[in-house]
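For the sequence shown, UniProt numbering assigns the number 1 to the initial residue and increments by one for each residue that follows.
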Amino acid sequence: MSLPSLRLKANADRRLRNGHLWVCSNEIDVAATPLHGFQAGDQAILEAAGGKTLGIVAMSPNNLICARLLSRDIKLPLDKSLLVHRLNVALSLRDRLFDKPFYRLVYGDSDLLPGLVVDRFGDILVVQIASATMEAHKDDVIAALTQVLKPSGILFKNDSAARDAEGLNRYVETVFGLVPEWVALEENGVKFEAPVIQGQKTGWFYDHRMNRARLAPYAKGKRVLDLYSYIGGRGVQAAAFGASEVFCVDASAFALDGVERNAALNGFAEKMTCIEGDVFEALKELKASEERFDVIVADPPAFIKRKKDMKNGEGAYRRLNEQAMRLLSKDGILVSASCSMHLPEDDLQNILLTSARHLDRNIQMLERGGQGPDHPVHPAIAETRYIKSITCRLLPNS
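Right, dumping it as structure tokens:
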């Protein structure tokens, strides 16, 4: 396979030598290798300014991140063989971590497969492709997945906004076997069904698995409020961990139908109360009704999607957490989470401290959590670490 060259400017290879995988358009020697000579989805041999080869990259010539390293060996382009190898490496980690086949199998750059995410639900695989290069090799992706995992069904859930920047259309399609509307999974000993076709992202959020498990000692015998509950990942598990009563709040009637479905699946329907509507409005109504909770989970969608959203996003996190604190009992537990990559964990902690002091309450930080090990962090790529979860205790000021 003969590939064109992509030449870097002098000293622009430093980040890659230090472990990074991304190449920015302003690092390219466009006089030697103009970016307009490439199409999105091409592969190229990356060269340092002196001509030394650095590996093979996937091209996105119209984006700021114009290339991502696929392999440091120029004999290993992206094809079925490389995909099978990388899938086996990824699978070996998940097999060590989990005794049942419910996890994120592939997490993009961190598993050296940029633009590819695969979530496993037993013998059903849900795949997200976010790069033109991976899209060009989607048949190889299907072939590699079927060889390594022998699934009964593969769903391409390619409807994310990330595809727009690559010039890719959005679609959801069963590309192998049969995929039902709802698929079974088990997490922390609790059974669920996830709506992989109509649900958010791949239908389930495996990234908070460990944080949901940590809810167990706090929830037992307590009254729990789960904000932005989706289909009950935390709320139903809180019920399974012995909560006396659980309220789930979400704007989506479809998601709350999932809460009821999963609660019934585990025999906890009588413990659950679902509230449909805007979370901020629901918090005001609960406060007006003088409701109190022993444990509140505040795990919203990303309030900060881009750096320019920082000010408004931080304000939204503060309003959410402060309103939640107003509903806590005097010795209450707040689990505050963020999936906003641009919000540092220390900033979330400061938001919690500021909110508590505004209410004249003392606060203790009890636990910190991140994404589970099936979402491994690439140490050179800060963007691969995005989940923050802080468990804190709110106490009277006296």
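In this text, a Cβ means the ideal position worked out from N, Cα and C, and glycines have one as well.
- The C-alpha of A10 lies about 42 Å from the C-alpha of G315.
- With contacts defined by Cβ atoms closer than 8 Å, E345 and R214 do not form a contacting pair.
- In this structure, Q323 lies near L283, with their beta-carbon atoms less than 8 Å apart.
- The continuous stretches of alpha helix (DSSP H) do not include D73, and DSSP gives it neither H nor E.
- F247 is classed as buried because its beta carbon has at least 16 other beta carbons within 10 Å across all chains shown.
- A Cβ-Cβ distance of about 15 Å is found for the pair L3 and V23, leaving them out of contact under the 8 Å criterion.
- Non-local C-beta neighbours of L87 in its own chain, meaning closer than 6 Å and more than five positions away in sequence, comprise A144 and V148, ordered along the chain.
- DSSP links F121 through a beta bridge to F102 and I124.
- Counting along the chain, no alpha helix (DSSP H) covers F38, and no H or E run does either.
- Looking at the DSSP output, D109 sits in no beta bridge, so it has no partner there.
- A residue is called buried when at least 16 other Cβ atoms come within 10 angstroms of its Cβ; R306 does not meet this threshold and is exposed.
- Per DSSP, I390 is one residue of the beta strand (DSSP E) stretching across K388 to L395.
- Here F280 has R319, L320 and Q323 as same chain residues with Cβ atoms under 8 Å from its own Cβ, once five neighbours each way along the sequence are excluded.
- One Cα belongs to D123, the other to K271, and the distance between them is close to 31 Å.
- Of all C-beta pairs linking the stretch 146-166 to the stretch 231-238, fewer than three are shorter than 8 Å, placing the two stretches out of contact.
- Under DSSP, M59 forms a beta bridge with A67.
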